[in-house]
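Trainee: For the sequence shown, our numbering gives the first residue as 2, with consecutive numbering after it.
Glycine is no exception: its CB is placed at the ideal position from the N, C-alpha and C atoms.
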Amino acid sequence: MHKRLLILSIFACLAAAALFVTRTDAKPETIERIAPGVWFREGDLKNLGHCNNIVVEMKDYLIVVDANFPSGARATMEDVKRISDKPVKYVFDTLHHGDHSYGNALWTDAGATTLAYQGVADEMKRYEPARWQQTAKERKDVADMHRPSVEPPKQTFDQNMYVLDDGARRVEFHFYGWAHTRGDGFVYLPHEQILCTGDAVVNGPYNYTGDGNIGNWPNVVKAAQKLNVKTVLPGHGVPGGPDLMAGQALFMTELHRAVKSAVHQGKHPEDLAKLQLPDSVKNWVGDGLSGQVKDAYEEITQGKPHGEILGGK
Ligand SMILES: [Zn+2]
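(1) Does DSSP classify residue 81 as helix, strand or coil?
(2) Specify whether the segment 142-162 and the segment 196-203 touch according to this definition: at least 3 beta carbon pairs, one from each stretch, less than 8 Å apart.
(3) Going by other Cβ atoms of all chains shown within 10 Å of its Cβ, with 16 needed for buried, is residue 250 buried or exposed?
(4) What does the shell around ligand 1 hold, if a residue joins when its beta-carbon is under 6 Å from any heavy atom?
(5) Can you find the residues in the same chain that come closer than 7 Å, C-beta to C-beta, to residue 80, ignoring five residues on each side of it along the sequence?
(6) Within the same chain, show all residues whose beta-carbon is closer than 6 Å to that of residue 11, passing over the 5 residues directly before and after it, in chain order.
(7) Using the Cα positions of residue 128 and residue 268, report the straight-line distance between them to the nearest angstrom.
(8) If you count every other CB in all the chains shown that lies within 10 Å of the CB of residue 175, and 16 or more means buried, which is it?
(9) Report the residue from 220, 29 and 227 whose alpha carbon sits nearest the alpha carbon of residue 73.
(10) Assess, as a yes-or-no matter, whether the segment 165-179 is touched by the segment 51-64 under the definition of 3 or more beta carbon pairs within less than 8 Å.
(11) Taking residue 183 and residue 123 to be in contact with their CB atoms under 8 Å, please state how far apart those CB atoms are, rounded to whole angstroms.
(12) Counting along the chain, where does the beta strand (DSSP E) carrying residue 89 start and finish?
(13) Decide if the segment 238-257 is in contact with the segment 277-284; the criterion is three or more beta carbon pairs, one per stretch, under 8 Å apart.
(14) Mapping the DSSP letters down to three states, classify residue 139 as helix, strand or coil.
(15) In the DSSP assignment, what residue or residues form a beta bridge with residue 34?
(16) Can you name, in chain order, every residue of its own chain whose Cβ lies under 6 Å from the Cβ of residue 241, other than the five neighbours on each side?
(17) What is the DSSP secondary structure of residue 162, reduced to helix, strand or coil?
(18) Over what stretch of residues does the alpha helix (DSSP H) that includes residue 298 continue unbroken?
(19) Evaluate the contact criterion for the segment 179-195 versus the segment 221-229: three or more CB pairs, one atom per stretch, below 8 Å.
(20) With respect to the alpha helix (DSSP H) encompassing residue 309, which residues constitute its N-terminal and C-terminal limits?
(21) Ignore the nearest five residues each way along the sequence and tell me which others in residue 130's own chain have a CB closer than 7 Å to its CB.
(22) Determine the extent of the alpha helix (DSSP H) in which residue 222 is found, giving its start and end residues.
(23) Please specify which runs of the beta strand (DSSP E), each continuous and at least 3 residues long, are wholly inside the segment 171-209, giving them in chain order.
(24) Is residue 161 closer than 7 Å to residue 194 when the C-beta atoms are compared?
(25) Can you tell me whether residue 22 is buried or exposed, with buried defined as 16 or more other CB within 10 angstroms of its CB?
(26) Which residues mark the beginning and the end of the beta strand (DSSP E) in which residue 65 is found?
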C-alpha cells in the first residue's frame with residue numbers, strides 16, 4: 002500500500018516536472034493556449050526581434066496584446082486566423098518600442114483599433130520619427146511599410162484603469178507608473194488571474210533600461226503584484242508564475258543597490274565593469290548587464306530617471 006502510494010507520488014512529481022519543462026521551454030514563433038480563450042504567442046527575440054503576443058477572445062471579437070514589429074504582426078495575424086474566426090477589434094501597445102508598436106498600421110489597416118496609455122503616445126512624440134527611421138535602415142519589414150514614422154495608438158487612456166467587459170470576459174488595462182518606459186501598460190484578466198506585463202516584467206536577461214526609471218521600476222512591479230495573479234505573460238521570455246514579478250523587481254532593486262553602493266565608494270563607470278549581482282537574480286543577468294549598470298550609474302549620479310537623460314523631460 003505504502004509502496005503504491007510512493008509510486009503514485011513519484012508519478013505525480015514526474016508529471017509536474019514534465020509540465021514545468023513544457024512551460025519553461027522556449028517555443029519561439031508558436032502560439033499556445035494558456036486558458037480557455039487566451040493564447041500566448043512567444044516571439045523570436047533573438048533572430049527576429051519579436052515581442053510576445055497574447056490573444057484574448059471576447060464574445061464577438063479578439064483583443065491582441067502588442068502590435069509587434071511588422072513581421073511579427075503579420076505572423077501573429079496568421080496564427081490568429083488559425084485559432085479563431087472572430088475579428089481582432091483591439092490591439093493594445095504595452096509600450097512604444099518598435100517590437101511592440103511598429104506593426105500598429107498593419108493592425109489598423111486590417112480594421113482594428115490600437116489602444117495604449119497616454120505615456121506610449123508621449124514617448125512616441127519624444128523619440129520619433131528618429132527611431133523609426135533608424136530602424137528602417139536595419140529592418141526590411143519596417144522599411145517596407147513606406148511610412149515616415151510609427152502610427153500612434155488610435156485611442157489612449159490616462160486613467161488607471163480602463164476596462165473592456167462584454168459579459169463574457171472582463172479585461173482590465175492598468176498603469177502603475179514609470180518602470181521600463183513612461184507608458185508601461187499591463188493587461189489583467191481578473192477571472193483567469195492572468196497578467197500581461199509587457200517589458201515591465203521579462204523572463205530572462207532581456208531588460209532594456211535606456212528609457213527606464215530603474216529606481217522606480219520595483220515600485221511599479223510591486224503595485225502590479227497587488228493583483229491576484231496566477232500566470233504572468235511577459236513581453237519577452239516564457240510564461241511564469243507570480244514569482245516572476247518578484248524576481249524582476251528584485252533584479253532592479255539589486256542593480257540599483259549595487260551601483261549606488263559603488264558610487265558611494267567613489268567608484269567610476271570603468272570600475273563597474275566587473276560588478277556582480279546576487280545569484281537570486283541570475284535569471285535576469287546576461288550580456289546586457291554592463292549597459293544596465295551604465296544606465297543605473299548615470300541615473301544615480303545625475304539624480305534623474307535614465308529616460309530623462311536619454312530623452313529629455
Ligand atoms: Zn520589448
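Mentor: Concretely, from the data shown:
(1) Under the three-state reduction of DSSP output, residue 81 falls in the helix class.
(2) Below 8 Å, too few C-beta pairs join the segment 142-162 and the segment 196-203 to call them touching: fewer than three.
(3) buried
(4) The set, ordered by position in the chain, is 52, 98, 100, 101, 200, 236 and 237.
(5) 32 and 42
(6) Low local confidence applies: a pLDDT of 45 at residue 11 is under 50, so the model's placement there is unreliable, and no value is given.
(7) 32 Å
(8) buried
(9) 29
(10) yes
(11) 6 Å
(12) 89-93
(13) They touch, by the three-pair rule.
(14) In the structure shown, the three-state DSSP call for residue 139 is helix.
(15) Residue 34 is bridged by DSSP to 40.
(16) 204 and 233
(17) coil
(18) 290-303 is the extent of the alpha helix (DSSP H) around residue 298.
(19) Yes, the segment 179-195 is in contact with the segment 221-229.
(20) 307-312
(21) 149 and 150.
(22) 218-226
(23) 171-176, 186-190 and 195-199
(24) no
(25) Interpretation of residue 22 is limited by its pLDDT of 38, a score under 50 that renders its predicted location unreliable; the figure taken from the coordinates is listed afterwards. Exposed is the call here.
(26) 63-66
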